[in-house]
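Working notes, beginning with the structure itself.
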Amino acid sequence: MIEISNLHKSYRMGANSLHVLKGINFNVEEGELVSIMGSSGSGKSTLLNILGMLDEADEGSYHLDGVPIKNLSEKQAAKYRNKFLGFIFQSFNLIGYKSALDNVALPLYYQGMARSERIDRAMSYLEKVGLAQWASHLPNELSGGQKQRVAIARALASDPKVLLADEPTGALDTKTSYEVMDLIQEINDEGRTILVVTHEHDIAQMTKRIVNLKDGLIIEDTLVSQVRALSHV
Ligand code: ADP
Ligand code: MG
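By the count of UniProt numbering, the sequence shown reaches residue 233 at its end, each step adding exactly one.
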């Protein structure tokens, strides 16, 4: 589903430049649930933004579902993002003056779906995340965990091949974080490919594979079942 090879990314800072990704190689198969771990500033969001076509690498190659992602116009990038990707953010990024239902339905509007179908579809995703009875509420009437569930429903509404989540539990307490990760696991169990960026080990342990970033390189790429098996030796 995702193939990246020798990915490099620097940020220019005046006369200097900060080399953040220094040759990243990894593949993600369809149906995987992968966490990208690393301390703050290690380049996790930079990598996820490139995978999400929100930013471009300076060097290296990226294929998404077999499609080479390179030198795309903003219009093409937007088309591929809509077709392939769903995003979940630490800060939820819901629209404050729109109801939970309208937040979930909005991406479908941009896809040109008719209103009645949008509303039906959005409602079914709100049901899926357990929030049907909150459909008409505004984001500020919801708890953090509920807001993130709405955001997850919104990300799923366009039926993306891959979900990209940048610190999805970063603004939540521990119990709510585990509930959100349970939901992410459920969605993965249905076959959806999911990448979760996190700096929290406990959260990474709730995925199936941990990719560890340090100093711009992958220093570890481990299946979680193997980690658990080893810890029992
Ligand atoms: P993480 O998500 O792992 O905390 P980031 O990918 O956000 O790390 O950032 C990696 C490094 O790149 C940090 O040192 C950060 O300050 C820097 N950085 C991130 N975005 C930019 C930018 N747009 N311009 C300049 N530097 C940036
Ligand atoms: Mg980050």
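Ideal Cβ positions, reconstructed from N, Cα and C, are used throughout, including at glycine.
Residue i - containing alpha helix (DSSP H), residue span
i, result
"H201", "H201 to A204"
"D102", "A100 to Y110"
"D65", "D65 -> no alpha helix (DSSP H), and no H or E assigned at all."
"L156", "G144 to A157"
heavy atom of ligand 1 below 7 Å from residue i C-beta
i, result
"M13", "yes"
"L169", "Leu is not the amino acid found at residue 169; the sequence shown has Thr there. Incorrect: T169 has no Cβ contact closer than 7 Å to ligand 1."
"V196", "no"
"L18", "yes"
"S35", "no"
"K44", "yes"
Host beta strand (DSSP E) of residue i (start-end)
i, result
"T222", "L217 to L223"
"D166", "V162 to D166"
"I210", "R209 to K214"
"I95", "Note, I95: premise wrong, no beta strand (DSSP E); not H, not E."
"L85", "L85 to F89"
Residue i Cβ short of 7 Å to ligand 2 heavy atom set
i, result
"E141", "no"
"S91", "no"
"S39", "no"
"D166", "yes"
Residue i (DSSP reduced to helix, strand or coil)
i, result
"D189", "helix"
"S10", "strand"
"S35", "strand"
"V129", "coil"
"K70", "coil"
"L172", "coil"
"E30", "coil"
"S5", "strand"
"S136", "coil"
"L183", "helix"
"L47", "helix"
"S17", "strand"
"V233", "In this predicted model, V233 has a pLDDT of only 46, less than 50, meaning its place in the structure is not dependable enough to derive any value."
Whole-number beta carbon distance between residue j and residue i, since they are thought to touch under 8 Å
i, j, result
"T169", "S158", "With a Cβ gap of about 23 Å, T169 and S158 do not count as contacting."
"I88", "A165", "4 Å"
"residue 236", "Q90", "As shown, the chain starts at 1 and ends at 233. That puts residue 236 outside it, with no answer to give."
"G52", "H8", "Actually they do not touch by this definition, with Cβ atoms about 17 Å apart."
"K208", "E32", "6 Å"
"V211", "S35", "7 Å"
"I218", "F26", "6 Å"
"I4", "Y62", "5 Å"
"D23", "N49", "Here residue 23 is Gly; the residue named in the question, Asp, does not match the sequence. The pair is not a contact, with the Cβ atoms about 17 Å apart (cut-off 8 Å)."
"Q146", "W134", "6 Å"
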